Amino acid sequence: MPLGGGETGRGQFFLTLLAGLVVGTPLGGTLFGLNLWLTARWLDMNHNDAFSAMRLDSYRHFLRIKLEGEVLTIYPLGLDRVPTRSEWRQNPNGPGGPVPGASMLLPPEGTRMALIEDPIVIHAVAVPPVATLVEPAELKTATPGETPATATGEGPPPH
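Numbering-wise (this note's numbering), the sequence shown opens with residue 287 and increments by one.
Below is the structure:
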């Protein structure tokens, strides 16, 4: 009689499961990593997936956005080294201090931010409208058999 009873036995099932986990976990991780490396290196694909898997904790990019009137300016900034939590310093001019709206913490000396691209400037007047504003009262629902009215209120005359 098989170990654990039954036709194949519970013991055989759990041994197979354990062997699958012991062999499959490192093999699956290795194959997936190899896939990311090969496709990023040789096929110019999956760069985002491969880069996120590297867990580079000290390299960050972000956007700083400035809105002045009808002009939007986007500054793409980058840090080559992000300060650790213990490196931040208390700001003497922080909240409750002489400078209103000042940050509570200051980065360590030598922390450098750099523009990774030229600023992107968008003028609101140069942006074409995407749609016509439609008031809810102007929207009409068609009865079965009719063509619905368009968003501008045009369409077949009502019956």
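All C-beta atoms in this analysis are idealised placements derived from N, C-alpha and C, irrespective of residue type, glycine included.
Here the structure is a predicted model, which is why all the values come from computation and not from measurement.
Point to revise | P393 and R375 closer than 9 Å at C-beta | key: Translated into the one-based positions of the sequence shown, residue 393 becomes position 107. Translated into the one-based positions of the sequence shown, residue 375 becomes position 89. The beta carbons of P393 and R375 sit closer together than 9 Å.
ask   = Secondary structure at G297, three-state DSSP: helix, strand or coil?
value = Taking the first residue of the sequence shown as position 1, residue 297 is located at position 11. It is helical.
Report task. Starting from the N-terminal side, write out each stretch of the beta strand (DSSP E) that is 3 residues or longer and does not extend beyond the segment 345-374. Result -> Entirely contained in the segment 345-374, the beta strand (DSSP E) runs reaching 3 residues are, in chain order, 346-354, 357-365.
Checklist entry - What are the residues that DSSP puts in a beta bridge with M399? => result As a position in the sequence shown, residue 399 is number 113, starting the count at 1. Assignment of beta-bridge partners to M399 by DSSP yields L365.
Check your understanding: In this structure, does DSSP put V407 in helix, strand or coil?
Key -> The residue you call residue 407 lines up with position 121 of the sequence shown. If DSSP states are grouped into helix, strand and coil, V407 belongs with the strands.
For L329, which of helix, strand or coil comes out of DSSP? Taking the sequence shown and counting its residues from 1, the one referred to as residue 329 is at position 43. Three-state result, L329: coil.
What number of angstroms, rounded off, separates the C-alpha of V353 from the C-alpha of T359?
To locate residue 353, count along the sequence shown from 1; it is residue 67. To locate residue 359, count along the sequence shown from 1; it is residue 73. Inspection of the sequence shows that residue 353 is occupied by Leu rather than by Val. If you take the alpha carbons of L353 and T359, they lie about 6 Å apart.
**Request:** Assign L322 to one of two classes, buried (16 or more other C-beta atoms within 10 Å of its C-beta) or exposed (fewer than that).
**Result:** Looking up residue 322 in the sequence shown gives position 36. A residue is called buried once 16 or more other Cβ atoms fall within 10 Å of its Cβ, and L322 is buried on that count.
Any beta carbon of chain B sitting closer than 9 Å to that of T370? Reference to chain B is not applicable here, since this structure consists of a single protein chain.
| field | DSSP state of M287 mapped onto helix, strand, coil | value | Here residue 287 corresponds to residue number 1 of the sequence shown, with the count starting at 1. At M287, the pLDDT of 47 sits below 50, so the modelled position is not reliable and the matter cannot be decided from this model.
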